[in-house]
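S.K.: Take this structure, written in structure tokens, and hold onto it; I'll ask about it next.
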Amino acid sequence: MIYVALISYTPDPERTIAAAARVSTSSARASQLMEKLAPQAVDRLLGLLISSGHLSPFEHASFTFAIEGISRVTSHQLVRHRMASYTQQSQRYVSLKDFHYITPATISAKGELEAEYHQMVRAAHALYLKMLDAGIPMEDARYVLPQAAETRLVMTMNARELIHVCSLRLCLRAQWEIVELFEKVKAEVEKVAPRLAAELKPKCYRLGYCDEAESCGIFPTLAEVGEKTQRKR
Ligand SMILES: Cc1cc2nc3c(=O)[nH]c(=O)nc-3n(C[C@H](O)[C@H](O)[C@H](O)COP(=O)(O)OP(=O)(O)OC[C@H]3O[C@@H](n4cnc5c(N)ncnc54)[C@H](O)[C@@H]3O)c2cc1C
396 MIYVALISYT PDPERTIAAA ARVSTSSARA SQLMEKLAPQ AVDRLLGLLI SSGHLSPFEH
456 ASFTFAIEGI SRVTSHQLVR HRMASYTQQS QRYVSLKDFH YITPATISAK GELEAEYHQM
516 VRAAHALYLK MLDAGIPMED ARYVLPQAAE TRLVMTMNAR ELIHVCSLRL CLRAQWEIVE
576 LFEKVKAEVE KVAPRLAAEL KPKCYRLGYC DEAESCGIFP TLAEVGEKTQ RKR
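In this note's numbering, each number is its position in the sequence shown, counted from 1, plus 395.
So this is what it looks like as structure tokens:
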């Protein structure tokens, strides 16, 4: 099961973003604004920043998550988002004698294939152990391990990147495992920054349409919206 814990974050993150934004239009110091801004003003300002696309103030609040129980398939997708920091458990230095791996639900649902899947993964792991016993270093023996291998990492993202990555990875066109991961990331942010968490949503909610080739059904694609407008004319 995917485990996500927010292990550290910028104190008072939403107020920090709002105070940073107000610096551009106020003669007051950021430290004064931090004290002065009422919660309602913070909420309103965050909404204005989002709707006007003035997103740089969101870079002043950072969030660090401990993430466990994801496959290497998902960690590979995750680290493509480059405006973030990652530290991942190394398969060169940590032996995987105690091996955990992810089984997608679609495979679990197919009895016979599921058995074959487990057999294949266990065989790969058995060969890994055999190679370690034969003196092959972990960094080379790991070549035989599948992408299903479980991994853990620490990830730091600022609020701007969180909004951006969630817009892509909470989209139901993204793969189920990374969608689940970002649902949990959002739930962690919600505990300390609910106004910000409300902005962690798939891109279609902001666009008002789906920009993928095929829609999941929540919003129509742009082509479908176009068709409707044409029909009305
Ligand atoms: C549903 C889905 C399917 C995907 N499928 C594939 C796939 O099949 N194959 C594949 O390879 N990837 C795939 N990706 C990954 C995708 O192409 C991106 O690499 C990934 O989503 C990271 O995007 P990012 O906007 O966070 O960009 P980042 O790469 O983190 O960049 C962040 C920002 O910096 C800018 N930037 C970064 N580097 C440069 C640069 N060198 N020059 C100019 N601007 C730069 C970008 O424009 C962007 O605004 C998929 C992603 C999703 C969400």
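Glycine residues also receive a C-beta, built at the ideal position from the N, C-alpha and C atoms.
Under 8 Å: does the beta carbon of L450 sit that close to some heavy atom of ligand 1?
M.R.: no
S.K.: Enumerate in chain order the residues of its own chain whose CB-to-CB distance from S610 is below 6 Å, with the five nearest sequence positions on each side excluded.
M.R.: T616
S.K.: Restricting to Cα atoms, I'd like to know which of Y404, V474, T405, L401 is closest to I573.
M.R.: V474
S.K.: Quick one: residues in its chain with C-beta nearer than 7 Å to the C-beta of E409, no 5 flanking neighbours on either side, listed in chain order?
M.R.: Within the same chain, E409 has close Cβ partners V437, L441, A588, R590, L591.
S.K.: Among T498, E578, P597, R547, which residue has its Cα nearest to the Cα of R568?
M.R.: Per the Cα distances, P597.
S.K.: Whose CA, out of T405, Y496, R477, T551, lies closest to the CA of G464?
M.R.: Y496
S.K.: With H, G and I counted as helix, E and B as strand and the rest as coil, what does DSSP make of A461?
M.R.: strand
S.K.: The beta strand (DSSP E) spanning V539 covers which residue range?
M.R.: Note, V539: premise wrong, no beta strand (DSSP E); not H, not E.
S.K.: Hey, which unbroken runs of the alpha helix (DSSP H) at 4 residues or more fall wholly within the segment 418-456?
M.R.: Those alpha helix (DSSP H) runs which fall completely within the segment 418-456 and span 4+ residues are 425-431, 434-447.
S.K.: A608 to A618, Cα distance in whole Å?
M.R.: 9 Å
S.K.: Please classify Y512: does DSSP put it in a helix, a strand, or coil?
M.R.: Three-state result, Y512: helix.
S.K.: Hey, is R555 close to ligand 1, as in C-beta under 8 Å from one of its heavy atoms?
M.R.: It does not: the Cβ of R555 is nowhere closer than 8 Å to a heavy atom of ligand 1.
S.K.: List the DSSP bridge partners of R547.
M.R.: In DSSP, R547 forms a bridge with E463.
S.K.: If we call anything under 9 Å between Cβ atoms a contact, is Q486 one with A544?
M.R.: yes
S.K.: Specify the secondary structure class of S490 as computed by DSSP and reduced to three states.
M.R.: Shown here, S490 sits in coil according to DSSP, grouped into three states, outside any helix or strand.
S.K.: How would you call E594, buried or exposed, if buried means at least 16 neighbouring beta carbons within 10 angstroms?
M.R.: buried
S.K.: Identify every run of the alpha helix (DSSP H) within the segment 576-625, keeping only runs that are complete inside it and at least 4 residues long; order them along the chain.
M.R.: 589-592, 598-602
S.K.: Since S633 is in the beta strand (DSSP E), which residue starts that stretch and which ends it?
M.R.: No statement about residue 633 is possible, as the shown extent of the chain runs from 396 to 628 and does not include it.
S.K.: Am I right that F458 and L401 are in contact with their C-beta atoms under 8 Å? What's the rounded C-beta distance?
M.R.: 6 Å
S.K.: Between the Cα of S489 and the Cα atoms of V584, L548, W571, which residue gives the shortest distance?
M.R.: Note that residue 489 is Val in the sequence shown here, rather than Ser. Ranking the options by Cα distance to V489, first place goes to L548.
S.K.: Flag this pair as yes or no: are the beta carbons of Q542 and S466 separated by less than 9 Å?
M.R.: yes
S.K.: Assign A500 to one of three DSSP states: helix, strand, or coil.
M.R.: helix
S.K.: In three-state DSSP terms, what is V574?
M.R.: helix
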